[in-house]
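**Student:**
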Amino acid sequence: GQNIDQPTEMTATEGAIVQINCTYQTSGFNGLFWYQQHAGEAPTFLSYNVLDGLEEKGRFSSFLSRSKGYSYLLLKELQMKDSASYLCAVRESGGYNKLIFGAGTRLAVHP
Amino acid sequence: DAGITQSPRHKVTETGTPVTLRCHQTENHRYMYWYRQDPGHGLRLIHYSYGVKDTDKGEVSDGYSVSRSKTEDFLLTLESATSSQTSVYFCAISESRLAGPTDTQYFGPGTRLTVL
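Sequence lines, in order, name chains A and B. Take the working numbering: the final residue in the first sequence is number 113, and no numbers are missing along the way. Take the working numbering: the final residue in the second sequence is number 1451, and no numbers are missing along the way.
#1: Which two residues bound the contiguous beta strand (DSSP E) that contains Lys1346 of chain B?
#2: DSSP three-state call for Lys78 of chain A: helix, strand or coil?
#3: Output the distance between the C-alpha atoms of Ile1381 of chain B and Thr1355 of chain B, rounded to the nearest integer angstrom.
#4: Leaving out the 5 sequence neighbours to the left and right, which residues in its chain are closer than 7 angstroms to Ala86 of chain A when beta-carbon positions are compared?
#5: Is there a Cβ of chain A sitting closer than 8 angstroms to that of Phe1409 of chain B, yes or no?
#6: Using the beta-carbon of each residue, which ones in chain B are nearer than 7 angstroms to Phe35 of chain A?
#7: Could you check where the beta strand (DSSP E) with Gly1386 of chain B kicks off and where it finishes?
#8: Is any beta-carbon of chain A found at less than 8 angstroms from that of Pro1444 of chain B?
#9: With a threshold of 6 angstroms on Cβ separation, who are the neighbours of Gln21 of chain A within its own chain once the five nearest residues in sequence on each side are excluded?
#10: Using 8 angstroms for Cβ pairs, my map puts Phe1425 of chain B next to Ala44 of chain A. What's the rounded Cβ distance?
#11: So who's on the other strand from Glu11 of chain A, going by DSSP bridges?
#12: List the residues of chain A that Tyr1385 of chain B touches, going by C-beta distances under 7 angstroms, in chain order.
#13: My guess is that Tyr1383 of chain B and Asp1373 of chain B are in contact by the Cβ rule of under 8 angstroms, so how many angstroms apart are they, rounded?
#14: If you measure from the beta carbon of Tyr88 of chain A to each beta carbon in chain B, is any gap under 8 angstroms?
#15: Determine the DSSP secondary structure at Asp1438 of chain B, reduced to helix, strand or coil.
#16: Classify Lys1392 of chain B as helix, strand or coil using the three-state DSSP reduction.
#17: Report the residues of the segment 38 to 56 of chain A with a CB closer than 7 angstroms to any CB of chain B, ordered along the chain.
#18: Give a yes or no on whether the C-beta atoms belonging to Gln1440 of chain B and Leu101 of chain A are separated by under 8 angstroms.
#19: Check the Cβ-Cβ distances between Gly30 of chain A and every residue of chain B, and say whether any is below 8 angstroms.
#20: Between Tyr1399 of chain B and chain A, is there a C-beta pair that is closer than 8 angstroms?
#21: I'd like the list of long-range same chain contacts for Glu1349 of chain B, defined as Cβ closer than 6 angstroms, with 5 residues on each side in sequence excluded.
What follows is the structure, given as structure tokens:
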């Protein structure tokens, strides 16, 4: 079956670092995406991993371990505007660029 | 930002009525997708299209149909709306299936549908 797990909610302090974990069990794998979604808005693309290791993009980094079915999103120097939901999604193999999404992690950043 | 619009943005309807949601893109992307988003479930794929007149079912397709007669438009129809179809519906597009980071899906602003 297809299963993607993320924590439902997390809280963190402005200026701190937070790590959001994602574990997956899918029948195929062709890359993992992280999206950010502010309340009432559309998801927007943050990062993409297809090979093991860390991808860094400014304050955001994403890590992938394919053998463990595990990824994390690391947010540094947290800002209030980072309060949002973070969605982990696995791209299925087999074409059509189909994504399977986790339920998302709602992050609240406090002063 | 990718040029994707959805209409209507909000709709309230009654059980048993037909409803059509429209997704329009100006990017000439080949792939289009319809999702619904509900608390605790995340985004779930309803139907997708890989070209004009080429569509297929997703994870939660029961009660929904789609049509794509032009590259730029992808319509989602609820033939007879039910309260369980109250949700936020997102359309997404992607350029190709080359399986690279550039093939991320870009999302429209969403339609909030309430079925009474």
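Beta carbons are placed, not taken as given, at the ideal position from N, Cα and C, and that holds for glycine. If you're wondering where the values come from, they're calculated on a predicted model, not measured in any experiment.
**Tutor:** Once the coordinates are examined:
#1: His1345 to Thr1348
#2: coil
#3: 14 angstroms
#4: Gln38, Gln39, His40 and Leu109
#5: no
#6: Thr1439
#7: Gly1377 to Gly1386
#8: yes
#9: Tyr74 and Leu76
#10: Correct: roughly 6 angstroms between the Cβ atoms.
#11: A:Arg108
#12: Tyr98
#13: The pair is not a contact, with the Cβ atoms about 18 angstroms apart (cut-off 8 angstroms).
#14: no
#15: Look at Asp1438 of chain B here: in three-state DSSP terms it is helix.
#16: strand
#17: Ala44, Pro45, Phe47 and Tyr50
#18: Taking 8 angstroms as the Cβ cut-off, Gln1440 of chain B and Leu101 of chain A qualify as a contacting pair.
#19: no
#20: no
#21: Leu1451
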